[in-house]
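**Student:**
Have a look at this one:
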């Protein structure tokens, strides 16, 4: 399910403070789209996990925020892309407890649970693109 | 370098996290707190997270690490003031913060530490009590 794009914004992820910036931008968007406090918290937490993945595993990349409207239903789409090493085993990476660096192994699987739609495109050596949407 | 202040009250350490922490700042807090516990022989640590708008897996893990390290150094940790929306999200994320003692607010958190730590006043080497 997609819908029409209302607006977009791109936030580069190059350092730890950019992860904080992604959280702040996503929060501002979620407030503007009138998501409830619990929904805002879920979207921002998912964004934080995925932005950190982009930085730590992808060696940096971009976060793209997209405001969607599907027949009056508002959604926020977050797209994280990097040119890093890619994910070898997506199914394994999505399972709880999987961790490649210094995480708790909840990043991907956890953020998938916090969003309504979740898609990973990855190729070893070519990078990763993760797109997720939360509908209101 | 940016740091989160650690206050000392008798042999308790108090921390209020009031900024949106980047990961390095969380790790600095972990190191600073552990060092301070050993330095002052703290018996209790209270961390107020009521201003935190999210706790993701990294911050959750840092809190768990602080509690474990404190425990090894003979200090109890209590995390207080988690916002309900944060609690809901954290559990859905898959983290229930096992091993972390929590309380609703600073008051109940302090009460827990006072009850858990046998004597929260300062004691010198010869066993006398002194007010700090």
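Residue numbers (the working numbering), protein chains in the order written: chain R, 922 to 1057; chain L, 4 to 135.
Backbone N, C-alpha and C fix where the C-beta goes; we use that ideal spot for every residue, glycine too.
(1) I want to see whether chain L comes within less than 8 Å of residue 953 of chain R, judged by CB atoms only; does it?
(2) In angstroms, rounded to a whole number, what distance separates the CA positions of residue 954 of chain R and residue 1042 of chain R?
(3) Is there a C-beta anywhere in chain R that falls below 8 Å from the one on residue 91 of chain L?
(4) Residues of the stretch 94-111 of chain L in Cβ contact with chain R at a cutoff of 8 Å, in chain order, please.
(5) How many Å lie between residue 23 of chain L and residue 939 of chain R at the Cα?
(6) Since residue 969 of chain R meets chain L, which of its residues come closer than 9 Å, beta carbon to beta carbon?
(7) Does residue 59 of chain L pass the burial test, meaning 16 or more other C-beta atoms within 10 Å, or should it be called exposed?
(8) Less than 8 Å between the CB atoms is what I'm expecting for residue 989 of chain R and residue 926 of chain R, so what's the real figure, rounded?
(9) With burial defined as no fewer than 16 other Cβ atoms inside 10 Å of the residue's Cβ, what is the status of residue 1040 of chain R: buried or exposed?
(10) Just grab the DSSP bridge partners of residue 931 of chain R for me.
(11) When burial is assigned at 16 or more other CB atoms within 10 Å of the CB, is residue 948 of chain R buried or exposed?
(12) Could you name the residues of chain R that residue 88 of chain L contacts, counting a contact when the two beta carbons are closer than 7 Å?
(13) Taking 8 Å as the limit between beta carbons, can you name the residues of its chain near residue 1025 of chain R, skipping five residues before and five after?
(14) Just the C-alpha distance for residue 1013 of chain R and residue 56 of chain L, rounded to the nearest angstrom, thanks.
(15) Are residue 45 of chain L and residue 78 of chain L close, meaning C-beta to C-beta below 8 Å?
(16) Quick one: is residue 1005 of chain R buried, meaning 16 or more other Cβ sit within 10 Å of its Cβ, or exposed?
(17) Between the Cα of residue 946 of chain R and those of R:995, R:986, R:1032, spot the shortest distance and give me the residue it belongs to.
**Tutor:** On the basis of the supplied data:
(1) Taking the first chain and counting its residues from 1, one reaches residue 953 of chain R at position 32. For residue 953 of chain R, the answer is no, since every Cβ of chain L falls outside 8 Å of its Cβ.
(2) Within the first chain, the letter at position 33 stands for residue 954 of chain R. Within the first chain, the letter at position 121 stands for residue 1042 of chain R. Going by the C-alpha atoms only, they are around 27 Å apart.
(3) Sequence index remark: in the second chain, residue 91 of chain L carries index 88 (1-based). Put simply, the CB of residue 91 of chain L is near chain R, with a gap under 8 Å to one of its CB atoms.
(4) 95, 96, 97, 98
(5) Indexing the second chain from 1 puts residue 23 of chain L at position 20. Indexing the first chain from 1 puts residue 939 of chain R at position 18. Residue 23 of chain L and residue 939 of chain R: Cα-Cα distance of roughly 12 Å.
(6) If you number the first chain from 1, residue 969 of chain R lands on position 48. Under the 9 Å cutoff, chain L gives 57, 59, 60, 61, 62.
(7) Mapped onto the second chain, residue 59 of chain L falls at position 56. Classification of residue 59 of chain L: buried, given that the 10 Å Cβ count is 16 or more.
(8) Position 68 of the first chain, counting from 1, holds the residue named residue 989 of chain R. Position 5 of the first chain, counting from 1, holds the residue named residue 926 of chain R. The Cβ separation is near 6 Å, so the contact holds.
(9) Counting from 1 along the first chain, the entry for residue 1040 of chain R is found at position 119. Exposed.
(10) Position 10 of the first chain holds residue 931 of chain R. In DSSP, residue 931 of chain R forms a bridge with R:985.
(11) Here the question's residue 948 of chain R lines up with position 27 in the first chain. Burial call: buried.
(12) On the second chain, residue 88 of chain L is found 85 positions in, with the first residue counted as 1. Within 7 Å Cβ-Cβ: 958, 959, 962.
(13) Locating residue 1025 of chain R in the first chain gives position 104, counting from the first residue. Interpretation of residue 1025 of chain R is limited by its pLDDT of 46, a score under 50 that renders its predicted location unreliable; no figure is taken from the coordinates.
(14) Counting from 1 along the first chain, the entry for residue 1013 of chain R is found at position 92. Counting from 1 along the second chain, the entry for residue 56 of chain L is found at position 53. If I take the Cα positions, the gap works out to 30 Å.
(15) Counted from its first residue, the second chain places residue 45 of chain L at position 42. Counted from its first residue, the second chain places residue 78 of chain L at position 75. Cβ atoms of residue 45 of chain L and residue 78 of chain L: closer than 8 Å.
(16) Position 84 of the first chain, counting from 1, holds the residue named residue 1005 of chain R. Burial call: buried.
(17) In the first chain, counting from the first residue as 1, residue 946 of chain R sits at position 25. Closest by alpha carbon: R:986.
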